[in-house]
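Going by the numbering used here, the sequence shown opens with residue 60, and the numbers climb by one from there.
Positions of the beta carbon are idealized from the N, C-alpha and C atoms, including for glycine.
Keep in mind it's a predicted model, so treat the numbers as computed, not measured.
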Amino acid sequence: MGRATAGLPSPMPARMRGPAANAMTRDGAIPGEADAAGGREGPMSLLELPEDIVFLLLSYLDARSLGRVAQTCGKLRRLCGRDCVWRRVARMAINTGITDDGTDRCVRVPLKERVRVSQNWRRGRCQRESLLRWRHNLLPWLQLEEGGAALFVSQAEEVLALRLHARRGGAAGGRVDRRPVRLYRGHRDDVCQFVINRGHLVSGGSDGRIVVQPLCGAHRHFAVAAHEEQVNCIDSGRDVIVSGSRDRTAKVWSLLNDRTSECLHTIDTQDRVWSVAISPAHSDLRADGVDALADGIDVRGDGGAADGPAISFVTGTACCGHHAPLRIWDLQRGDLLGSLGSEFRHGAGVLGVQFETPSVLLSCGHDTFLRLWDTRSSMRQCVREWEEPHDSALYCLQADGNHMVASGSAHYGVVRLWDKRHHRCLQTFNLASPVSSPVYSLRFSTRCLYVAVATQVCVLDFT
């Protein structure tokens with residue numbers, strides 16, 4: 060009786076009798092024995108993995124899958140809310156504040172929230188509201204303060220600063236104080252354009268003057284008679300201003316303390332200048348590089364050759380007096396670096412330009428096309444182009460630095476959202492019906508789109 064019977068399995072060990080006997084796996088492996096050396100019993104669950112491994116696994120999921128995983132338990136819900144999990148999804152979505160090179164422009168708002176709002180941008184889900192109205196037709200211009208704390212609006216010869224209220228998540232939303240926080244004056248006629256640069260408001264007006272004013276406090280403030288006719292466009296970076304005018308010139312001005320209002324270069328464009336933009340490479344200069352720029356010294360290296368790209372700016376002209384409406388100039392020397400495109404029709408003026416990187420820029424204008432240029436590949440041919448479906452001129456544009464571009468049309472306040480990866484526009488908004496008006500300016504944050512037409516400023520809130 061004490062010996063094992065031939066052909067029968069050996070009796071079960073005493074330590075496996077009882078409830079533990081039911082834990083044997085199908086292949087005969089006993090949980091605990093295989094992991095005895097590691098001091099564990101049973102397979103490791105997902106929640107027992109180190110958090111950095113869980114984050115890596117979750118980062119491969121799309122937005123819908125992340126939402127489903129977050130519903131399984133409280134710990135996974137917490138882990139699925141971290142920014143490192145949503146970063147890949149956010150880079151593929153539109154207008155999340157993540158640029159093409161991975162820079163995050165809106166770090167205070169969780170990426171999960173920004174991806175949610177991005178879906179509303181793509182689907183056109185928003186609330187419309189009129190922020191400001193006036194009786195007479197004007198040519199308003201808009202700028203958003205960095206961080207989205209204030210909206211600046213030009214109204215005739217004044218610029219109004221309107222405070223934006225913070226919303227859920229810490230970012231400023233669409234609700235605006237109707238009473239301006241501050242008024243900026245200094246022009247005798249309408250303000251055509253203005254920019255915000257390092258705590259200063261730099262504006263150009265129909266009186267031919269450039270006015271530089273501090274946003275707050277007692278900083279330097281000056282006005283200069285810059286052009287013989289109205290200043291159509293203006294841009295500023297670090298300690299330099301570039302202005303364009305109807306008098307067929309573009310000028311570069313110094314903003315250094317000891318050389319304030321000094322004209323560094325006067326460029327004869329042979330045509331009316333409608334738009335200008337300074338390359339973002341200028342913003343990366345150190346202080347000594349800016350001083351050298353004002354002195355006309357080449358900061359690229361020996362002779363300015365192979366050590367780096369030229370620090371440049373672009374002008375968009377009317378294409379009436381000169382055959383090339385889009386030209387790039389050396390900011391240090393005032394020399395022409397090249398012309399973008401070829402065979403433009405007479406009158407195909409460029410009304411809007413924006414640099415995304417030192418070598419990539421967008422343009423739009425009277426020929427109804429929105430174009431993407433990359434000077435590294437070709438100066439003669441654009442990389443991509445999108446045509447306005449209703450054959451209207453495009454007055455203005457803004458890009459998010461990644462996939463989305465917003466454009467404003469010449470009729471009925473039509474604003475279109477474009478995805479660079481697609482040929483057709485994503486969404487269309489009509490903001491001036493039944494009265495036809497161009498979209499003179501538009502600006503957007505990750506949450507709201509602000510649009511200026513002839514008689515009002517509207518906001519589209521996508522939260």
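The Cβ atoms of Arg-173 and Thr-505 sit closer than 9 Å to each other. For Asp-389, the enclosing beta strand (DSSP E) has its first and last residue at 385 to 389.
Boundaries cannot be given for Cys-165, as no beta strand (DSSP E) includes it and DSSP labels it neither H nor E. Beta-bridge annotation (DSSP): Asn-489 is paired with Val-473.
The straight-line gap separating the alpha-carbon atoms of Leu-315 and Val-218 is approximately 24 Å.
Apart from sequence neighbours up to five positions away, the residues of its chain that approach Ala-282 with a beta-carbon distance below 6 Å are Gly-245, Arg-268 and Val-270, ordered along the chain.
Rounded to whole angstroms, Gly-467 and Val-498 show a C-alpha spacing of 5 Å. For Asn-256, the pairing in a beta bridge is given by DSSP as His-259.
Cys-441 carries a coil assignment under DSSP once its states are collapsed to helix, strand and coil. Check the Cα spacing between Gln-289 and each of Ile-255, Thr-325 and Asp-249: the tightest is with Asp-249. The beta carbons of Cys-507 and Leu-519 sit closer together than 9 Å. Counted as a single uninterrupted DSSP element, the beta strand (DSSP E) harbouring Glu-188 occupies residues 186 to 192.
In terms of Cα proximity to Val-235, the closest of Ala-129, Leu-221 and Gly-406 is Leu-221.
When DSSP states are grouped into helix, strand and coil, Pro-339 belongs to the helix group. For Phe-281, the uninterrupted beta strand (DSSP E) segment begins and ends at 281 to 284. Of all C-beta pairs linking the segment 403 to 412 to the segment 370 to 388, three or more are shorter than 8 Å, placing the two stretches in contact. In the structure shown, the three-state DSSP call for Asp-142 is helix. Nearest in C-alpha terms to Leu-198, of all of Val-373, Gly-472 and Ala-513, is Ala-513. Scanning its chain for C-beta atoms nearer than 7 Å, with the 5 sequence neighbours on each side dropped, one finds around Arg-181 the residues Ile-153 and Leu-485, in chain order. Excluding sequence positions up to five before and after Asp-450, its CB lies within less than 6 Å of the CB of Thr-427, all in the same chain and listed in chain order. The three-state reading of DSSP puts Ser-304 in strand, counting E and B together. The bridge partners DSSP lists for Glu-446 are Phe-428. Each residue's CA atom was taken as its position, placing Leu-201 and Leu-242 some 14 Å apart. Here the segment 295 to 312 makes contact with the segment 253 to 267; the two share three or more CB pairs at distances below 8 Å.
Buried is the label assigned to Cys-455, since at least 16 other Cβ atoms lie within 10 Å of its Cβ.
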